[in-house]
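Following my numbering, the numbering of the sequence shown begins with 16 at its first residue and continues without gaps.
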Amino acid sequence: MRIIAGRFKGRRLFAPRSDRIRPTTDRMRETLFNLLTHGIGFPFDGARAADIFAGTGALGLEALSRGASHVTFVENHPASLALLADNVRALECETSARILRQDARRLPTARDPFDLVFLDPPYNRDLLAPAIVALQTRGWLKPGSIVVAETEAGYQPAFAGFTML
Numbered sequence: 016m017r018i019i020a021g022r023f024k025g026r027r028l029f030a031p032r033s034d035r036i037r038p039t040t041d042r043m044r045e046t047l048f049n050l051l052t053h054g055i056g057f058p059f060d061g062a063r064a065a066d067i068f069a070g071t072g073a074l075g076l077e078a079l080s081r082g083a084s085h086v087t088f089v090e091n092h093p094a095s096l097a098l099l100a101d102n103v104r105a106l107e108c109e110t111s112a113r114i115l116r117q118d119a120r121r122l123p124t125a126r127d128p129f130d131l132v133f134l135d136p137p138y139n140r141d142l143l144a145p146a147i148v149a150l151q152t153r154g155w156l157k158p159g160s161i162v163v164a165e166t167e168a169g170y171q172p173a174f175a176g177f178t179m180l
């Protein structure tokens, strides 16, 4: 695993040794960030992002690399938290990152809302909908926030107030 573009381009990330953690592949991240950058013109420079069910932090760290000013990472699995902390330290971006050991269904009230939110919950665990509700009710979203959710094949979420892109 590596950072695809930006100031950390080519830097390797610590990856899990078990199949319990399934990080988003480099190819999938590249496709996703190309869509955000070129497809919808998302302005990464100065953006505030959140990486929910962060795992290794690859999505949030890619956003930082591309110009986001701050990323809050939310994770509660101990092995994932260790990898995430190692990756933040390796990229020396501690001042731009905040790691919360937190259940994504029980988020604290946000200090400020986020421009971009990534959610990559474990598959087949029915965690996406409660996490979206927590984002909405705890002030993590604002009008125009982009929410990117990775789900298992065939899952078609529909949430009130959201437009599927």
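Each residue gets a CB set at the ideal place from its N, CA and C atoms; glycine is no exception.
- In the DSSP annotation of this structure, the continuous segment of the alpha helix (DSSP H) that includes ASP41 starts and ends at 41-49.
- Per the C-alpha coordinates, the member of PHE48, SER111, GLU107, THR178 positioned closest to ARG63 is SER111.
- Judged by DSSP in its simplified three-state form, GLY75 adopts helix.
- Sixteen is the threshold: since fewer than 16 other Cβ atoms of the shown chains lie within 10 Å of the Cβ of ILE55, the residue is exposed.
- Under DSSP, PHE129 shares a beta bridge with LEU156.
- Burial of ASN102 is indicated by the presence of at least 16 other C-beta atoms within 10 angstroms of its C-beta.
- Here THR178 is exposed. Its C-beta has fewer than 16 other C-beta atoms within 10 Å.
- Proximity to VAL89 across ALA83, LEU74, SER80, LEU51 peaks at LEU74, based on C-alpha coordinates.
- Counted as a single uninterrupted DSSP element, the alpha helix (DSSP H) harbouring ASP101 occupies residues 93-105.
- By the 16-neighbour rule on beta-carbons within 10 angstroms, ARG22 is exposed.
- For LEU143, the closest alpha carbon among the candidates ARG17, ASN49, ARG26, PHE68 is that of PHE68.
- Looking at the backbone, the Cα of LEU115 and that of ASP66 are separated by about 10 Å.
- Taking the Cβ atoms as the reference, ALA105 lies roughly 7 Å from PHE29, within the contact range of under 8 Å.
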